[in-house]
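**Student:** I'd like to ask you about the structure that follows.
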DNA sequence: CCTCCTATGTCAGCCTGCTGACATAGGAGG
DNA sequence: CCTCCTATGTCAGCAGGCTGACATAGGAGG
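Residue numbers (our numbering), protein chains in the order written: chain A, 6 to 153; chain B, 6 to 153.
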């Protein structure tokens, strides 16, 4: 229908290409997570808790790039499914430290394997060295953006 | 509150860092576009039409990484504001070729300048050569993902 | 010529994420 | 000690995006 050889200026924009790859990643992740009954946001939450047990709702939200309110809903769903536990009352401040249950850890392991495969597939056009450099350069941009 | 020096495994994931940068870009774009009364999706639509006049709803949706239904709503809003025009009836198939009005082109120019500045700022930690290589490598991944 | 098959535009309903607001807990500073 | 100030959790309301569905236009293939 369209001549794809005609390369517009948008393909010259780093931001557009970045969005393109991110969209591909999100779609691919959604496809492999759906059979496990997980959304991408829910998976992100589990992965964060797997690597940093005891994170609070707000802290999880920041690291998953969503608001506290959205993360709150994610946590509630996962808690209903028995994948994680939160104390009813805060021991010290108001922050409620969250932890994975056995079931949560099990689900996370399954999901993590699938997502890792997806990621590996997506970045397969690049060598290991290229992937590492890509990650470092993107991390530099992210760090600068936060500092700003 | 948290020791940021502690680097978890997630920061070793290209996908996570990619998401981080993309989230920063989206937030920054939203901030500069809001004063112009535009959402990120609306800007994307205008930019696509500026570079490829006559694109249909479905084609715009694909290139903006949303569904036809979502793009349809975006187009309707922009049309109400007089920023673009669509024929009431299709000349040939069912596709309705969309074009920017003078007002649309004007708004696009303003927005485009602002967004370009944001992008330049975000990727400023990288040299021109690094940015170019980054874009090419990401484009390679995107192309492979589509081919798959 | 007639029959699939695909692509497009559109409607309805749902879910998710965000903004705005509020109460509360802890710490900083006078 | 009392007063801001910040951070957190949570509730309510709203906008945006997605899935599912339908009708229609055009082309492919027998």
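Don't be surprised by glycine CBs; every beta carbon is placed ideally from N, CA and C. Owing to the predicted nature of the structure, the values given are computational and were not obtained by experimental measurement.
1) Quick check: the Cα distance between residue 29 of chain B and residue 150 of chain A, rounded to an integer number of angstroms?
2) If we ignore side chains and look at the alpha-carbon of each, how far apart do residue 63 of chain A and residue 91 of chain B end up?
3) How should residue 120 of chain A be labelled, buried or exposed, when 16 other C-beta atoms within 10 angstroms of its C-beta is the threshold for buried?
4) Between which two residues does the alpha helix (DSSP H) harbouring residue 32 of chain B extend?
5) Any C-beta of chain A sitting closer than 8 Å to the C-beta of residue 129 of chain B?
6) Are the Cβ atoms of residue 80 of chain B and residue 112 of chain B separated by less than 8 Å?
7) Tell me, please, whether the CB atom of residue 48 of chain B is closer than 8 Å to any CB atom in chain A?
8) What is the DSSP secondary structure of residue 90 of chain A, reduced to helix, strand or coil?
9) On the premise that residue 116 of chain B lies in contact with residue 43 of chain B, defined as a C-beta separation below 8 Å, what is that separation, rounded to the nearest angstrom?
10) For residue 51 of chain B, count neighbouring Cβ atoms within 10 angstroms of its own Cβ and tell me buried if that reaches 16, exposed if not.
11) Expressed to the nearest angstrom, what Euclidean distance is found between the alpha-carbon atoms of residue 96 of chain B and residue 102 of chain B?
12) Please name the residue, chosen from A:68, A:105, A:19, that lies closest to residue 83 of chain A on a Cα-to-Cα basis.
13) Take the Cβ of residue 134 of chain A as the centre, count every other Cβ of all protein chains shown within 10 Å, and call the residue buried at 16 or more, exposed below.
14) Assuming residue 71 of chain B and residue 140 of chain A form a contact by the criterion Cβ under 8 Å, report the distance between their Cβ atoms to the nearest whole angstrom.
15) With C-beta atoms as the reference, is residue 46 of chain B less than 8 Å away from residue 66 of chain B?
16) Does the ligand GDP have even one heavy atom less than 7 Å from the beta-carbon of residue 56 of chain B?
17) Measuring alpha carbon to alpha carbon, tell me which residue in A:37, A:26, A:131, A:54 is nearest residue 14 of chain B.
18) I'd like to know whether the C-beta of residue 147 of chain A is nearer than 8 Å to at least one C-beta of chain B.
19) List, in chain order, every chain A residue whose beta-carbon is nearer than 9 Å to that of residue 75 of chain B.
20) Identify the contact partners of residue 27 of chain A in chain B, using a Cβ-Cβ distance below 7 Å as the criterion.
21) Considering only residues of the stretch 46–125 of chain B, which uninterrupted alpha helix (DSSP H) runs meet the minimum length of 4 residues and lie entirely inside it, listed in chain order?
22) Assuming residue 131 of chain A and residue 36 of chain B are in contact, meaning their beta carbons sit under 8 Å apart, how far apart are those beta carbons, in whole angstroms?
23) Do residue 78 of chain B and residue 26 of chain A have their beta-carbon atoms positioned less than 8 Å apart in this structure?
24) If the cut-off is 9 Å on Cβ atoms, which residues from the stretch 114–139 of chain A count as contacting chain B, listed in chain order?
25) Is the CB of residue 19 of chain B under 8 Å away from at least one CB in chain A?
26) Closest by CA to residue 76 of chain B, which one among B:98, B:49, B:94, B:58?
27) Name the chain A residues whose beta carbon is nearer than 7 Å to that of residue 150 of chain B?
28) Please decide whether residue 110 of chain A counts as near chain B, where near means a Cβ-Cβ distance under 8 Å.
29) With distances taken Cα to Cα, identify the nearest neighbour of residue 128 of chain B among B:17, B:16, B:21, B:33.
30) Are any of the Cβ atoms in chain A nearer than 8 Å to that of residue 16 of chain B?
**Tutor:** Checking against the coordinates, here is how it stands:
1) Whole-angstrom Cα-Cα distance: 7 Å.
2) 45 Å
3) buried
4) 19–38
5) yes
6) Taking 8 Å as the cut-off, the Cβ atoms of residue 80 of chain B and residue 112 of chain B do not count as close.
7) no
8) strand
9) 6 Å
10) buried
11) 9 Å
12) A:105
13) exposed
14) 27 Å between Cβ atoms; not a contact.
15) no
16) Ligands are entirely absent from the displayed structure, and the ligand GDP is therefore not among its contents.
17) With distances taken between CA atoms, residue 14 of chain B lies nearest to A:54 out of A:37, A:26, A:131, A:54.
18) yes
19) The contacting residues do not exist; residue 75 of chain B stays about 13 Å from chain A at best.
20) 23, 24, 27
21) 62–69, 73–85
22) Actually they are not in contact, since the Cβ atoms of residue 131 of chain A and residue 36 of chain B sit about 31 Å apart, beyond 8 Å.
23) No, the pair does not count as a contact, with Cβ atoms beyond the cut-off.
24) With the criterion set as a beta carbon lying under 9 Å from some beta carbon of chain B, the members of the stretch 114–139 of chain A are 120, 121, 123, 124, 126, 127, 128, 129, 130, 131, 135, 136, 137, 138, 139, in sequence order.
25) For residue 19 of chain B, the answer is yes, since a Cβ of chain A falls inside 8 Å of its Cβ.
26) Comparing alpha carbon positions, the residue from B:98, B:49, B:94, B:58 closest to residue 76 of chain B is B:49.
27) 29, 127
28) no
29) If we check each option's Cα against that of residue 128 of chain B, B:33 comes out closest.
30) yes
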